[in-house]
Amino acid sequence: MAHRKPNLPEKICAACGRAFAWRKKWARDWEQVRYCSDACRDGRHPAARARRRGGQATGQE
Ligand SMILES: [Zn+2]
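Structure below.
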């Protein structure tokens, strides 16, 4: 039989847009977690910069 999948909640990272699963380190404040990693939280993720608005004006969009 198929092994049981861990039934962990997931969220979408507000910076990189990828889904990430619950981790034990977030047990206390999962409700407040918005980013999959410290890099995303700090805005160091390349994708995070691309998605962020109000930074550099590209003249597009
Ligand atoms: Zn992320």
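If you read the sequence shown in my numbering, its first letter stands for residue 136, the second for the next number, and so on. Think of the CB as a built atom: it goes at the ideal place given N, C-alpha and C, for glycine as much as any other residue. Because the structure is a prediction, the values reported are computed rather than measured.
**Item:** For Ala-137 and Asp-164, the rounded distance between their alpha carbons
**Value:** Taking the sequence shown and counting its residues from 1, the one referred to as residue 164 is at position 29. Taking the sequence shown and counting its residues from 1, the one referred to as residue 137 is at position 2. The straight-line gap from Cα to Cα measures roughly 32 Å.
**Message:** When you compare the CB of Arg-169 with every CB in chain D, is at least one pair closer than 8 Å?
**Reply:** Included in the structure is just one protein chain, with no chain D present.
**Message:** Cutting at 7 Å between CB atoms, please list the residues of its own chain near Phe-155, excluding the five before and the five after it.
**Reply:** Position 20 of the sequence shown, counted from the first residue, corresponds to residue 155. Only Glu-145, Lys-146, Cys-148 and Cys-171 meet the Cβ criterion.
**Own chain residues within Cβ distance below 6 Å of Arg-169, not counting five before or after** = Numbered from 1 along the sequence shown, position 34 holds the residue referred to as residue 169. Counting only Cβ-Cβ distances below 6 Å, and skipping sequence neighbours, we find Ala-149.
**Asked** So, using beta-carbon positions, are Trp-157 and Leu-143 closer together than 8 Å?
**Response** Translated into the one-based positions of the sequence shown, residue 157 becomes position 22. Translated into the one-based positions of the sequence shown, residue 143 becomes position 8. Cβ distance < 8 Å, so Trp-157 and Leu-143 count as in contact.
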